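Inspection log for the structure reproduced underneath, given as structure tokens.
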Amino acid sequence: EDQVTQSPEALRLQEGESSSLNCSYTVSGLRGLFWYRQDPGKGPEFLFTLYSAGEEKEKERLKATLTKKESFLHITAPKPEDSATYLCAVQATSNYQLIWGAGTKLIIKP
Amino acid sequence: GAGVSQTPSNKVTEKGKYVELRCDPISGHTALYWYRQSLGQGPEFLIYFQGTGAADDSGLPNDRFFAVRPEGSVSTLKIQRTERGDSAVYLCASSYTSGGAYNEQFFGPGTRLTVL
Numbered sequence: 604e605d606q607v608t609q610s611p612e613a614l615r616l617q618e619g620e621s622s623s624l625n626c627s628y629t630v631s632g633l634r635g636l637f638w639y640r641q642d643p644g645k646g647p648e649f650l651f652t653l654y655s656a657g658e659e660k661e662k663e664r665l666k667a668t669l670t671k672k673e674s675f676l677h678i679t680a681p682k683p684e685d686s687a688t689y690l691c692a693v694q695a696t697s698n699y700q701l702i703w704g705a706g707t708k709l710i711i712k713p
Numbered sequence: 075g076a077g078v079s080q081t082p083s084n085k086v087t088e089k090g091k092y093v094e095l096r097c098d099p100i101s102g103h104t105a106l107y108w109y110r111q112s113l114g115q116g117p118e119f120l121i122y123f124q125g126t127g128a129a130d131d132s133g134l135p136n137d138r139f140f141a142v143r144p145e146g147s148v149s150t151l152k153i154q155r156t157e158r159g160d161s162a163v164y165l166c167a168s169s170y171t172s173g174g175a176y177n178e179q180f181f182g183p184g185t186r187l188t189v190l
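First to last, the protein sequences are chains Z and Y.
Each position in the first sequence, counted from 1, maps to that position plus 603 in the working numbering.
Each position in the second sequence, counted from 1, maps to that position plus 74 in the working numbering.
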């Protein structure tokens, strides 16, 4: 069964304190792994797609990496506006739906 | 508009009533997806359209749920005989393609459905 697990459930950091969020997955065949950001009361906002192990992508203070079993979202010197829930999802080669983790709620304190 | 739009933003209904939720995807996107999200959880897949046809409806929980996309653009999710357990945020997403490049799904703001 395709499955995504994210950890930690919540993470509180001071502004400027770098850290990483984890997304572990099991999937029969990986078409792509997706990272989204979700603010309260809004729909998920697309951040990155990773397609194969070893791939990395960066956007501002965020960097996503992928191995055969997990993905990390590294956040460098975060700011309070980076506070949100970060969601990870996988798309299997057998279909086109996204299988989602429950998310990591990130809080950055000024 | 540039993004996916959903109407209404909020819907409150009584148990047993019928509701329709509308999604207007990004222009030119051929794929359209419906998900629902409960508090503190990730979205849960319901149905996927490629063009006008439902290519995968394996996530619909039962036959009270139905969705259409008659002209390959706007989609409507229909729920009959609503139950309190149907209360959730219903999210719609669209993508330029289904797989390969440009398959990122872009989401609307969601419709919050509350069944009393």
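From the three backbone atoms N, C-alpha and C, an ideal C-beta is built for every residue, glycine too.
Nothing here was measured: the structure is a model prediction, and the numbers come from that model.
Y/Phe181 has a beta carbon lying within less than 7 Å of a beta carbon in chain Z.
Here Z/Ser621 has His677, Ile678, Thr679, Ala680, Pro681 as same chain residues with Cβ atoms under 8 Å from its own Cβ, once five neighbours each way along the sequence are excluded. One alpha carbon belongs to Y/Lys89, the other to Z/Ser674, and they sit about 41 Å apart. Distance from the CA of Z/Glu659 to the CA of Z/Leu665, rounded to the nearest whole angstrom, comes to 11 Å. Put simply, the backbone Cα of Y/Ser112 is about 11 Å away from that of Y/Leu165.
DSSP places Z/Glu684 within a helical segment (H, G or I) once states are collapsed to three. For the pair Y/Ala105 and Y/Ser169, the CB atoms are nearer than the 7 Å cut-off. By the Cβ test, the segment 181 to 188 of chain Y is not in contact with the segment 119 to 128 of chain Y, since fewer than three Cβ pairs between them sit closer than 8 Å.
The residues Phe675, Leu676, His677, in chain order, have a CB closer than 7 Å to that of Z/Ser623 in the same chain once the five nearest residues on each side in sequence are set aside.
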